[in-house]
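So for the sequence shown, this note's numbering puts the first residue at 20; every next one is plus one. Beta carbons are placed, not taken as given, at the ideal position from N, Cα and C, and that holds for glycine.
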Amino acid sequence: MLLYNTLTQKKEEFLPHEPGKVRMYTCGPTVYHFAHIGNLRTYIMEDMLERSLRYLGYDVTRAMNITDVGHLSSDGDTGEDKMLSGAKREHKSVMEIAKFYTDAFFADCEKLGIKKPEIVVPATSCIDTFIELVSVLLEKGFAYLAGGNVYFDTSKLKTYYVFGNMEEEGLAVGVRESVEADDNKRNKSDFVLWFTKSKFDDQELKWESPWGLGYPGWHIECSGISIQYLGEYLDIHCGGIDNAFPHHTNEIAQSESYLGHPWCRYWFHVLHLNDARGKMSKSKGGFLTLSLLEEKGYDPMAYRFFCLQSHYRRPLAFSFENLDNAAAAYKKLVQRIAALSDDGKRDEAAAAPLREAFRDALANDINTAQAVTVLYDVLKADLPDGEKRALLAEFDEVLSLRLMEAAAENKEPDGVTAEEAAEIEALIARRAEARKAKNWAEADAIRDELSARGVTLTDTPEGVKWTKK
Ligand code: AMP
Ligand code: ZN
Numbered sequence: 020m021l022l023y024n025t026l027t028q029k030k031e032e033f034l035p036h037e038p039g040k041v042r043m044y045t046c047g048p049t050v051y052h053f054a055h056i057g058n059l060r061t062y063i064m065e066d067m068l069e070r071s072l073r074y075l076g077y078d079v080t081r082a083m084n085i086t087d088v089g090h091l092s093s094d095g096d097t098g099e100d101k102m103l104s105g106a107k108r109e110h111k112s113v114m115e116i117a118k119f120y121t122d123a124f125f126a127d128c129e130k131l132g133i134k135k136p137e138i139v140v141p142a143t144s145c146i147d148t149f150i151e152l153v154s155v156l157l158e159k160g161f162a163y164l165a166g167g168n169v170y171f172d173t174s175k176l177k178t179y180y181v182f183g184n185m186e187e188e189g190l191a192v193g194v195r196e197s198v199e200a201d202d203n204k205r206n207k208s209d210f211v212l213w214f215t216k217s218k219f220d221d222q223e224l225k226w227e228s229p230w231g232l233g234y235p236g237w238h239i240e241c242s243g244i245s246i247q248y249l250g251e252y253l254d255i256h257c258g259g260i261d262n263a264f265p266h267h268t269n270e271i272a273q274s275e276s277y278l279g280h281p282w283c284r285y286w287f288h289v290l291h292l293n294d295a296r297g298k299m300s301k302s303k304g305g306f307l308t309l310s311l312l313e314e315k316g317y318d319p320m321a322y323r324f325f326c327l328q329s330h331y332r333r334p335l336a337f338s339f340e341n342l343d344n345a346a347a348a349y350k351k352l353v354q355r356i357a358a359l360s361d362d363g364k365r366d367e368a369a370a371a372p373l374r375e376a377f378r379d380a381l382a383n384d385i386n387t388a389q390a391v392t393v394l395y396d397v398l399k400a401d402l403p404d405g406e407k408r409a410l411l412a413e414f415d416e417v418l419s420l421r422l423m424e425a426a427a428e429n430k431e432p433d434g435v436t437a438e439e440a441a442e443i444e445a446l447i448a449r450r451a452e453a454r455k456a457k458n459w460a461e462a463d464a465i466r467d468e469l470s471a472r473g474v475t476l477t478d479t480p481e482g483v484k485w486t487k488k
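So this is what it looks like as structure tokens:
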């Protein structure tokens, strides 16, 4: 399998530390607000990485943190804790905010067919681990105390900017977010491991530590959780490209100084979802959530399909026109699958090259767009419908587009003739018209008539669905 590695800036043969086994870590959400569809692009593509590895035969263990403390409004360690700003905005406690937005995040993931990693760890549950890491970094001389905080000393490293020289970009972060410089730092690139001197007196969550009552920095959370749950050698670390600097750069500095050896071999970064204003971001406001897309009538699967149609290493331009095109293509694909007969016939030999094309697409740096193209190749192929169905179902397990489920729903229920289905659809349309005109009596009468025919209606974000007993 070939995977692009941000560390070497090349596509490389993927060789995990232990053959056949993959230890994979994902930076999780900062749970102070809903995830926007840009964040969700990153989680969809990371999910595709995990599913592709499994499909290609690897045994994957994956961990993800939940950032519920320590991520300040600037990635450069200054400003207010994002969790605290969320709590203030909603007049709730930090832990209430964390619970609410963690649940909302996993609800979005479920709708988008994103598998939940088997290990999910809130940062607030690992404070002892972070204290242990910081203590060792101090003992080894990689950290220093200044103004009550503990800082990592980047001048102790041979190479700090491991992803190329990102210094300028780092400076730009500071300028853009107009944050004050921290006079305690010995070097401009040093960063906080443990805060005791928050600029905000009312920081809600604090813990006892050898350096006083305080809280961990954001970067140490991912080093600590990853080492605690996945061990000293990590195979793949993922995140959005904005995490490469300073977050991942700092994680590498801390982890390798603590462990005394190289830590993670492959760095997988997803490029940004941009809209007309540039990178979609929570701080800019006016961002799009999955619920908002649903309110506008989009099936979450249309958004997943939209993401899979382009490569994770290219920026993705969002517009409603682009999403409409993806939604229409998804619907058409489902209809074509629904039209396949259930003949149960198989032709394994003829299916083999298609399966190989699908595997090759994923094994070539997770080329999801190419993998989607193979779905169309299956539909066009000279194969019995039963074999097409079997192949599409197998590929759909990996792409997680719920194509087979949607195709089954698209079919008329068993025992209903096309003529009867048309009558039922016409009655449903008349009922919708009546409801629009606030003609409740007629709407109810139609519902009764449908119910007498054994038809049950369910309101869904995609409109009214029906089933017949
Ligand atoms: P956060 O909840 O802010 O910690 O971000 C969660 C994930 O979303 C991180 O991996 C970010 O790198 C990623 N991310 C943030 N903005 C975007 C965007 N516009 N497009 C894609 N990924 C993003
Ligand atoms: Zn992280």
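When burial is assigned at 16 or more other CB atoms within 10 Å of the CB, is residue i buried or exposed?
| i | result |
| --- | --- |
| A471 | exposed |
| H280 | exposed |
| W459 | exposed |
| K40 | exposed |
| D491 | An answer regarding residue 491 cannot be provided, because it is not within the stretch 20 to 488 covered by the chain. |
| L34 | exposed |
| K407 | buried |
| Y248 | buried |
| E32 | exposed |
| K130 | buried |
| T479 | exposed |
Residues in the same chain with beta-carbon distance under 6 Å from residue i, minus the five sequence neighbours each way, listed in chain order, please.
| i | result |
| --- | --- |
| T475 | T486 |
| L139 | Looking at the sequence itself, residue 139 is Val, so the reference to Leu does not match. Around V139: M83. |
| K484 | T477 |
| L232 | K225 |
Going by CA-CA distance only, name the one from the options that's closest to residue i.
| i | options | result |
| --- | --- | --- |
| E424 | Y349, H291, E31 | Y349 |
| Y317 | A345, I260, W213 | A345 |
| A382 | R60, L72, E481 | L72 |
| S208 | G233, D379, D172, V88 | D172 |
| P51 | T25, G233, S93, Y120 | The question names Pro, but residue 51 is Tyr in the sequence shown. Residue Y120 is the option with its Cα nearest to Y51. |
| A371 | K134, V391, A400, S174 | A400 |
| A388 | A464, H330, S245 | H330 |
| N293 | R60, M43, A369, E240 | R60 |
| S228 | T148, K315, R205 | T148 |
| A427 | L278, D361, A126, A380 | D361 |
| I255 | C283, Y179, S274, G243 | C283 |
| T215 | G89, V155, G304, G105 | G89 |
| V153 | C257, P235, L422 | P235 |
I'd like the list of long-range same chain contacts for residue i, defined as Cβ closer than 8 Å, with 5 residues on each side in sequence excluded.
| i | result |
| --- | --- |
| N262 | C46, H288 |
| L157 | Y163, L164, V169 |
| A191 | Reliability of the predicted coordinates at A191 is poor, the pLDDT of 43 falling under 50, and the value obtained from them is presented with this limitation in mind. So no residue of the chain qualifies. |
| L91 | T97, G98, E99, D100, K101, W237 |
| L4 | The structure shown does not extend to residue 4, since the chain is modelled only from 20 through 488, so no value can be given for it. |
| Y179 | T173, S208, T268, A272 |
| L278 | I246, E251 |
Any chance the CB of residue i is under 7 Å from a heavy atom of the ligand AMP?
| i | result |
| --- | --- |
| K497 | One cannot answer for residue 497 here, as it falls past the ends of the chain, which runs 20 to 488. |
| N84 | no |
| K298 | yes |
| N58 | yes |
| Y168 | The sequence shown places Asn at residue 168, not Tyr. Flag unset: Cβ of N168 not near the ligand AMP. |
| G259 | yes |
| H291 | yes |
| T49 | yes |
| T25 | no |
| T61 | yes |
With a threshold of 7 Å (Cβ to nearest heavy atom), would residue i be considered close to the ligand ZN?
| i | result |
| --- | --- |
| C46 | yes |
| C128 | no |
| C241 | yes |
| H288 | no |
| N262 | yes |
| H266 | yes |
Less than 7 Å between C-beta atoms, sequence neighbours within five positions excluded: which residues of the same chain meet that for residue i?
| i | result |
| --- | --- |
| T27 | none |
| S245 | Y44, A82, L253 |
| K135 | F125, C128 |
Legend entry - Three or more C-beta pairs below 8 Å linking the region 56 to 71 and the region 415 to 432: The region 56 to 71, when compared against the region 415 to 432, does touch it at the 8 Å Cβ threshold.
Inset, instruction - Would you be able to state if there are at least three C-beta pairs under 8 Å between the region 308 to 321 and the region 114 to 121? - result: The answer is no - the region 308 to 321 does not touch the region 114 to 121, with fewer than three Cβ pairs under 8 Å.
Inset, instruction - Answer yes if the region 265 to 284 comes into contact with the region 292 to 299, meaning at least three C-beta pairs across the two stretches below 8 Å, and no otherwise. - result: Flag = no, the region 292 to 299 and the region 265 to 284 do not touch.
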